[in-house]
Amino acid sequence: MTEFEYAPALESTSILNLQSDYKLFINGTYTAAKAGKRFTTVNPSTGEAIASISYAELDDVNSAVAAARAAYTKVWGKMPAAERGKYLFRIARLLQERAREFAVLETLDNGKPIRESRDTDIPLAAAHFFYHAGWADKLDYAGLGTNPKPLGVVGQIIPWNFPLLMLAWKVAPALAAGNTVVLKPAETTPLTALLFAEVCQQAGLPAGVVNIVTGDGVTGSYLVNHPDVDKIAFTGSTAVGKAIARAVADTKKSVTLELGGKAANIVYDDAAIDEAVEGIVNGIFFNQGHVCCAGSRLLVQENVQDEVIEKLKRRMALIRVGNPLDKNTDLGAINSAEQLARITELTNTGDAEGAERWSAPCDLPSKGYWYAPTIFTGVSQTHRIAREEIFGPVLSVLTFRTPAEAVEKANNTPYGLSAGVWSEKGSKVLWTASKLRAGVIWTNTFNKFDPTSPFGGFKESGWGREGGRHGLAAYLKGGKN
Amino acid sequence: MITDFSESSLKNFLKTLPPVDQVGAEARAAMLATRSIKTASKTWAIDTAISMVDLTTLEGADTPGKVRALCAKAVRPDATDPSVPSVGAVCVYNDMVKIAREHLDSIGGKHVPVAAVSTAFPSGRASFAVKRQDTLDALENGAAEIDMVIDRGAFLSGRIGEVFDEIRAIKDLCGNKAHLKVILETGELVTLDNVRKASYLGMLAGGDFIKTSTGKVAPAATAPVVLVMLEAVRDFHAATGKRIGVKPAGGIRTTKDAIKQLVLVNETAGPEWLNPQMFRIGASALLNDLLLQRMKMRDGHYASPQYVTLD
Amino acid sequence: MNRIDVMKTYKLYINGAFPRSESGRVYELKDAKGAFIANPCWASRKDLRDSVVAARAAFSGWSKATAYNRGQVLYRIAEVMQGRASQFADEIEAQEGITTKQALVQVEESIDLMVWYAGWTDKISSLSGANNPVAGSFYNFTIPEAIGVVGAFIEGKPSLISLIASVGSIIASGNTAVVIASEKFPLTAITFAEVCATSDVPAGVINILTGKTPELVGWMGSHMDVDAVDASGLSSKQLTELKIAGADNLKRIHSFKSVKSPDRILAFVEHKTVWQTIGV
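So this is what it looks like as structure tokens:
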């Protein structure tokens, strides 16, 4: 008997042209923050600093908005739609050309496995630009009447879990609809956004159409409160989403929010069990569980619980945790010390409240931020780990007896972003989907994204959709949230 | 696991097997194909793959000369490098078994078994008497392994009992003298659900190995098919304690293909299957590509087909 | 002494390759001033037959490709056309007797038109797909699907725009095309074929024949393995002839006035409606 060990298969970082200091991107050029304040971005798999980043204060945000407004009024707002589209096509193709470089940079800054950056994040980001490029001169067909108008200047705040992809989800439709943009990347993952600015330059995008202001939540609040911003698009925590909703309440700003979730992944007894196990694993361990739509609650039909859990544990033992730059790594680093602390706190309450913890045996590196893939069985609805978003590689397992009970438990949450349904019976899968109060329902699959497919949540998971014709509407006058 | 092997009992049992979702199975196989096997792991994988090859010639034009050359290659694949392992077996038609066995014995190849295709290979369209004789001929001439084909016509028309009984009968003929590989011909079964069901029939009827294909029909040993068969042997072992082997055959031409198969085995059935007793690869052209890659690992530069023998 | 140019040979484009007509025939093409330009192939009914075989074989793969993939291929055609802009302009100028500037404008509009159609591949379902609220516990949805092999007769001037309007709209949804170029302006079509051959267009998706339109109308119309025809380039008499012949397999035959309309795409799709029960 032999163990087939996979020798290290590291993706090289030599493709990167890393700098030690990065500036803001305003009005088509890289420009330092006026007050000169900086912060550091860290490689979460080692805890080591990668580079120093400019911190945008109110003054810088003002400059960025002013640049976006000028570009909108004088250039972008006047440009024939087909020409706008061609810029977006250029951006899409450039992202495809520089895909490897972006994937390596994303893994370095975020901690996610290179396989995921390479095979999921970057290709989807390029596809998002390509899809929206084709809408720019077809807005008459978006279902909003002829010649719908853009909103103007859009402020966009994105999270750290899919940095470049979230940038694409925000920037592509905004530009396709004729708006200009000020984007604030997440504090811990600014690098691919700053590299994207280079792509804008290579594409010849007119100055001021895309502006990037790096900073933290305070920087974001400057954008939210800026009087000359017509719309705010935010993806992040539900708590901050609510704060934004309050902040803009007495303004005319339109808002779209894409917030948290606690999705149920429902496995019926007539599911394709092996594929369902893959779907459970993908649902909660893809991207280290740092996914708003993660299948973080497994609702398994009680009569197949033992079989499913046994197969799940066996499958979890195959998850390779380690250096994100290794092409064979399945689970990378937790994005920050703060996030690791949150995961630890919540899982400790899982133990305290009486759920049973099982973690896949694995060697965690000594430096950096790491958490082993973990499941809790014997979880009930009242447990904190069944109600609160952990945003880590931790699955809570609950059971149900009937389809009605599955649906009731699945819906019993203030969130409503996504859900999974596993059964090979078509009528039942559609019945379940029709009853679930969630914006994205995956049947016999999970965590699938496409630029044509609208994404967004019911209830406290947010306002509005991104992707597809529905997502486009949010960036046009007459389009609703 | 069932013990009543009547047709109605078998049919009911097959109905209880969980279905396979094709999209999900293909996604799992595709993910495993992204594994990057380098340096020491690659060297190990190449040598392991060589030792698992069932070096095959199954042509109407096969002659004693062709079979002897194949046997020589099987024992010492690279004349210039004695560290290269012998292959797992030599696979021929049953009227070539005697020639193969005698020649192998005369060139220091006693450790290389001869596998014979049988039961009216490849189509399986003949009376049971013919299939029985086919098998007996092979066994009498020294075959240590029998690669039989199931009756796909019977399977697809619902005569599950016939499929089962035939496998059972051939296994009885093999007894302790030979191990039985059951060829499902997955390309003709088409759906992954059928592959799962046929796998169980092969295992329940006493097969020692389940094998994907005859190599005469495409598609043959695709990754999702092999995945489903590996899941079957894994689950069968969990339920009964018995380990059944798996042999993909057909369409595995490059070292990359072979290594993908080993990864599938490693992360589905498990490392207990990573040896020639539990996993074989039916191939002919593959061996030379394995040798070329082995040379590259050894020498540090790309090799040329001129430096391996045609047979 | 002035350098002698290498004269270009213009061949047919069938199944990704460039054969001469099996009939061996060519016809003489003169420019607007009456000077000899080239001997384009004079395609026969057998070349048409071979093109339909190629288009049919290519249909399965092309219609099953993702909309994204098809969009990328159409966009790639535009990228390569852009690189060949001056070649197209020279040929258009020579054939159509217009100025260099006018020719270049036509080329640029044609490239932009291809980009426009490239952007439709993954948006057609937004236009004509639907979820239908039937009365009953059913999920009911309508999806547009490619028809199959679509023939096309291309109008005269402007030669490149007419060609793109036809080809782009036909293949966007997954159909494959058998294109009969304008008899008077064939060079544009063959240079475009060269673009297709270098743009990741799978063999057989686009087939382009040059020759005498009247000869091929009846054969296209009566071919039982052609599912539809874009007849924009035909005279009304030819159109009638095509429709009578096409009735045998109920070909979907359409002519268009506008070069830039999603109607040209929707004319060559079929709509499939699926019902699925909802229940436990």
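Chains as they are written, first to last, in our numbering: chain A, 34 to 514; chain B, 19 to 329; chain C, 912 to 1191. Note that CB positions come from ideal geometry on N, CA and C, so glycine has one too.
Would residue i pass as a contact of residue j if the rule is Cβ separation under 8 angstroms?
i, j, result
"D244(B)", "L282(B)", "Reading off the sequence, residue 244(B) comes out as Val, not Asp. The answer is yes: Cβ separation under 8 angstroms."
"A1063(C)", "I1091(C)", "yes"
"L431(A)", "A419(A)", "yes"
"P1173(C)", "Y164(A)", "no"
"I190(A)", "F58(A)", "no"
"T252(A)", "P223(A)", "no"
"L1153(C)", "L1145(C)", "yes"
"C325(A)", "G293(A)", "yes"
"I1119(C)", "A1104(C)", "yes"
"L73(B)", "V102(B)", "no"
"R214(B)", "K265(B)", "no"
"D169(B)", "E180(B)", "yes"
"L332(A)", "A443(A)", "yes"
"E44(A)", "K360(A)", "yes"
"W496(A)", "T289(A)", "yes"
Determine the closest residue to residue i out of the options, with distance taken between C-alpha atoms.
i, options, result
"I201(B)", "R119(B), K260(B) and G225(B)", "G225(B)"
"N30(B)", "D39(B), P131(B), S124(B) and M19(B)", "M19(B)"
"L222(B)", "T209(B), K189(B), A238(B) and S231(B)", "K189(B)"
"E120(B)", "T61(B), M166(B) and R86(B)", "R86(B)"
"G268(B)", "S136(B), A250(B), P131(B) and A303(B)", "A303(B)"
"T52(B)", "Y63(A), D152(A), A132(A) and G118(A)", "D152(A)"
"K346(A)", "N356(A), A327(A), V310(A) and K360(A)", "V310(A)"
"A133(B)", "Q151(B), I125(B) and V108(B)", "V108(B)"
"Q414(A)", "F433(A), G167(A), F424(A) and S399(A)", "F433(A)"
"P156(A)", "E130(A), A230(A) and E499(A)", "E130(A)"
"T98(B)", "Y320(B), R312(B), S54(B) and G318(B)", "R312(B)"
"Y218(B)", "I185(B), A162(B) and R150(B)", "I185(B)"
"V115(B)", "L280(B), S136(B) and D96(B)", "S136(B)"
"A976(C)", "Y921(C), L1127(C) and E1056(C)", "E1056(C)"
"E1020(C)", "Q993(C), S1039(C) and P1044(C)", "Q993(C)"
"A928(C)", "V1061(C), Y938(C) and I1101(C)", "I1101(C)"
For my contact list, residue i and residue j are in at a C-beta cut-off of 8 angstroms; report their separation, rounded to the angstrom.
i, j, result
"G1059(C)", "N1086(C)", "6 angstroms"
"S934(C)", "S962(C)", "Wrong, their Cβ atoms sit about 14 angstroms apart, outside the cutoff."
"K1095(C)", "G1122(C)", "Between G1122(C) and K1095(C) the Cβ distance is about 12 angstroms, and since that is not below 8 angstroms, they are no contact."
"A336(B)", "A287(B)", "A question about residue 336(B) goes unanswered here, because the residues of chain B that appear run from 19 up to 329."
"V232(A)", "L127(A)", "5 angstroms"
"P484(A)", "A114(A)", "P484(A) to A114(A), Cβ: 18 angstroms. No contact."
"V186(A)", "D92(A)", "In fact, because the Cβ distance is near 17 angstroms, the residues do not count as touching under 8 angstroms."
"I352(A)", "Y404(A)", "Their Cβ separation, rounded to whole angstroms, is 12 angstroms, which puts I352(A) and Y404(A) out of contact at 8 angstroms."
"R502(A)", "G176(A)", "6 angstroms"
"G1079(C)", "D1033(C)", "Contact doesn't hold; Cβ gap of about 14 angstroms is too wide."
"F488(A)", "G500(A)", "5 angstroms"
"T33(A)", "F122(A)", "Outside the displayed span of chain A (34 to 514) sits residue 33(A), for which this structure offers no information."
"A92(B)", "P131(B)", "Not really, about 10 angstroms apart at Cβ, beyond 8 angstroms."
"N258(A)", "A280(A)", "6 angstroms"
"Q334(A)", "G365(A)", "With a Cβ gap of about 32 angstroms, Q334(A) and G365(A) do not count as contacting."
List the DSSP bridge partners of residue i.
i, result
"Y111(B)", "V135(B)"
"I59(A)", "T62(A)"
"N95(A)", "Its beta-bridge partners do not exist; DSSP assigns none."
"W475(A)", "G453(A)"
"D916(C)", "Bridge partners of D916(C): none, in fact."
Please determine whether the Cβ atom of residue i lies at a distance below 7 angstroms from any heavy atom of the ligand ATP.
i, result
"T225(A)", "Among the components modelled here there is no ligand, and therefore nothing to report on the ligand ATP."
Interface positions of the segment 45–64 of chain B facing chain A (Cβ-Cβ less than 8 angstroms), listed along the chain: A45, R46, T52, R53, S54, I55, K56, T57, A58, S59, K60, W62 and A63
Residues of the segment 237–266 of chain B with a CB closer than 7 angstroms to any CB of chain A: list them in chain order, please. Hits within the stretch, in order: E249.
Between the segment 456–469 of chain A and chain C, which residues of the former have CB atoms less than 7 angstroms from a CB of the latter, in chain order? Listed in sequence order: G459, S460, K461, L463, W464 and S467.
The segment 137–165 of chain A: which residues have C-beta closer than 8 angstroms to a C-beta of chain B, in chain order? R148 and D152
Return the residues of the segment 272–291 of chain B that lie within a Cβ-Cβ distance of less than 7 angstroms from chain A, sorted by chain order. L280, N284, E285, P289 and E290
Select from the segment 31–42 of chain B all residues with a C-beta closer than 7 angstroms to any C-beta belonging to chain A, and list them in chain order. P36, P37, V38, D39, V41 and G42
What are the residues in the segment 58–72 of chain A lying within 8 angstroms of chain C by C-beta distance? none
Selection of the segment 78–105 of chain A by Cβ proximity to chain C, strictly under 8 angstroms: none
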